[in-house]
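Last residue of the sequence shown: 264 in the working numbering, with the numbers rising by one and none dropped. The C-beta atom is built at its ideal place from N, Cα and C for all residues, glycine as well. Note that the coordinates shown come from a computational prediction; the quantities given were computed from them, not determined experimentally. Note sheet for the following structure.
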Amino acid sequence: MMRNCPLCSSKVSPDHILYGNSGASFRKCPHCALIFRSQQDLPSPETERSRYLSHRNSPSDEGYVRFLLRPFEWAKTRIDLDEPFLDYGCGYAPVFVNLMREGGFTCHGYDPLFFPDGIEKTSYPTVFCIETVEHFHNTYAEWERLIGLVAPGGYLVVMTDFWRDLKAFTNWYYQNDPTHTSFYHPKTMDFLADLLGCTLTHSDGKRLAIFKKEE
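Printed below as a string of structure tokens:
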């Protein structure tokens, strides 16, 4: 059966089905290169909440803090990071928000499950989205909302692990997380920039990308 890509709405045939080593099925869009989890394997909100609450997100974990700060450290050498910041998808423990505040920055945190009222402005000059876009189900609609929170001329800094080798997908650790539903290739980042009316100003080709919104 044909399926519509949740990002670009292209028809994706069964010829593009992939399977993870957990038995879950996915499809790769030949147009935008998004790999998306099949409808029957999408997690319920209850499954998502339980999975997120099992994460050990602690500011005392030095490895976790270094990982969480990676997009900030990478972006600050490439663009001007104007305040206030928004951490879109901050989780139940907004460690990044607190780290930014401890560093003297104004930062708000939003999460649809845990901090649904965390968006305090209509738009932000700098939005961070760290390990979140891979959880999108309605991929285009959620990216559209995300970029809508970026002020004209502002920046969106994204961190998610890009898929690069289709043959390695079956055993890739990232697809084993049942809450990971959208997987992006570096080419998908270029596609998103065109789709959303932005410029992809920087990408490391692995997991980090910076989009600039048109003024």
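1) If you reduce the DSSP assignment to three classes, tell me which class threonine 219 lands in.
2) If I follow the unbroken beta strand (DSSP E) through isoleucine 179, where does it start and stop?
3) Pair every Cβ in the stretch 73-80 with every Cβ in the stretch 195-207, then say whether three or more of these pairs are closer than 8 Å.
4) Given that a residue counts as buried once 16 or more other Cβ atoms are within 10 Å of its Cβ, and exposed if not, what is lysine 255?
5) With a cut-off of 8 Å on the beta carbons, I'd call alanine 200 and tyrosine 173 a contact; round off their distance for me.
6) Less than 8 Å between the C-beta atoms of histidine 234 and arginine 213, yes or no?
7) Any contact between the stretch 114-126 and the stretch 157-170? By contact I mean 3 or more CB pairs, one from each, below 8 Å.
8) May I ask you to report which of helix, strand or coil DSSP gives arginine 76?
9) Between the C-alpha atoms of arginine 100 and arginine 194, what's the straight-line distance to the nearest angstrom?
10) So is aspartate 131 buried or exposed if we call it buried at 16+ other beta carbons inside 10 Å?
11) Check each candidate in Ile128, Asp129, Ala142 and name the one with the smallest Cα separation from serine 103.
12) Along the chain, which unbroken stretches of the beta strand (DSSP E) at least 3 residues long are found entirely within the stretch 196-240?
13) Determine contact between the stretch 217-229 and the stretch 56-73, defined as no fewer than three beta-carbon pairs at a distance below 8 Å.
14) List the whole-angstrom C-beta distance separating lysine 137 from phenylalanine 177, where the pair is believed to meet the contact cut-off of C-beta under 8 Å.
15) For leucine 83, count neighbouring C-beta atoms within 10 Å of its own C-beta (all shown protein chains included) and say buried if the count is 16 or more, exposed if not.
16) Count the other C-beta atoms from every protein chain shown that fall within 10 angstroms of the C-beta of threonine 181, then say buried if there are 16 or more, exposed otherwise.
17) Look at the Cβ atom of arginine 86, then the Cβ atom of threonine 230, and state whether they are nearer than 8 Å.
18) Quick one: Cα of methionine 238 to Cα of asparagine 53, how far?
On the basis of the coordinates in this document:
1) To locate residue 219, count along the sequence shown from 1; it is residue 170. Residue state, collapsed to three classes: helix.
2) Looking up residue 179 in the sequence shown gives position 130. First-last of the beta strand (DSSP E) with isoleucine 179: 173-179.
3) At 8 Å Cβ cutoff, the stretches do not touch.
4) Numbered from its first residue, the sequence shown carries residue 255 at position 206. Burial is judged here by how many other beta carbons sit within 10 angstroms of a residue's own beta carbon; lysine 255 has fewer than 16 and is exposed.
5) Mapped onto the sequence shown, residue 200 falls at position 151. Mapped onto the sequence shown, residue 173 falls at position 124. About 6 Å; that satisfies the 8 Å criterion.
6) Working through the sequence shown from its first residue, we reach residue 234 at position 185. Working through the sequence shown from its first residue, we reach residue 213 at position 164. Yes, these two residues count as a Cβ contact at 8 Å.
7) No, because fewer than three Cβ pairs between the stretch 114-126 and the stretch 157-170 fall closer than 8 Å, the two stretches do not touch.
8) Along the sequence shown, one-based indexing puts residue 76 at 27. Note: arginine 76 maps to strand in three-state DSSP.
9) In the sequence shown, residue 100 corresponds to position 51, counting from 1. In the sequence shown, residue 194 corresponds to position 145, counting from 1. Taking the straight line joining both Cα atoms gives about 24 Å.
10) Counting from one through the sequence shown, the residue named residue 131 turns up at place 82. Exposed is the call here.
11) For the purposes of this step, residue 103 is taken as the residue at position 54 of the sequence shown. Ala142 is the residue among Ile128, Asp129, Ala142 whose C-alpha sits nearest the C-alpha of serine 103.
12) Runs found: 199-208.
13) Contact holds: three or more Cβ-Cβ distances are below 8 Å.
14) Translated into the one-based positions of the sequence shown, residue 137 becomes position 88. Translated into the one-based positions of the sequence shown, residue 177 becomes position 128. Residue identity differs from the one stated: residue 137 is tyrosine in this sequence, not lysine. 7 Å between Cβ atoms; contact.
15) For the purposes of this step, residue 83 is taken as the residue at position 34 of the sequence shown. Classification for leucine 83: buried.
16) Translated into the one-based positions of the sequence shown, residue 181 becomes position 132. Around the CB of threonine 181, 16 or more other CB atoms lie within 10 Å, so the residue is classed as buried.
17) Residue 86 sits at position 37 when you count from the first residue of the sequence shown. Residue 230 sits at position 181 when you count from the first residue of the sequence shown. Yes, the pair counts as a contact, with Cβ atoms nearer than the cut-off.
18) Position 189 of the sequence shown holds residue 238. Position 4 of the sequence shown holds residue 53. The straight-line gap from Cα to Cα measures roughly 19 Å.
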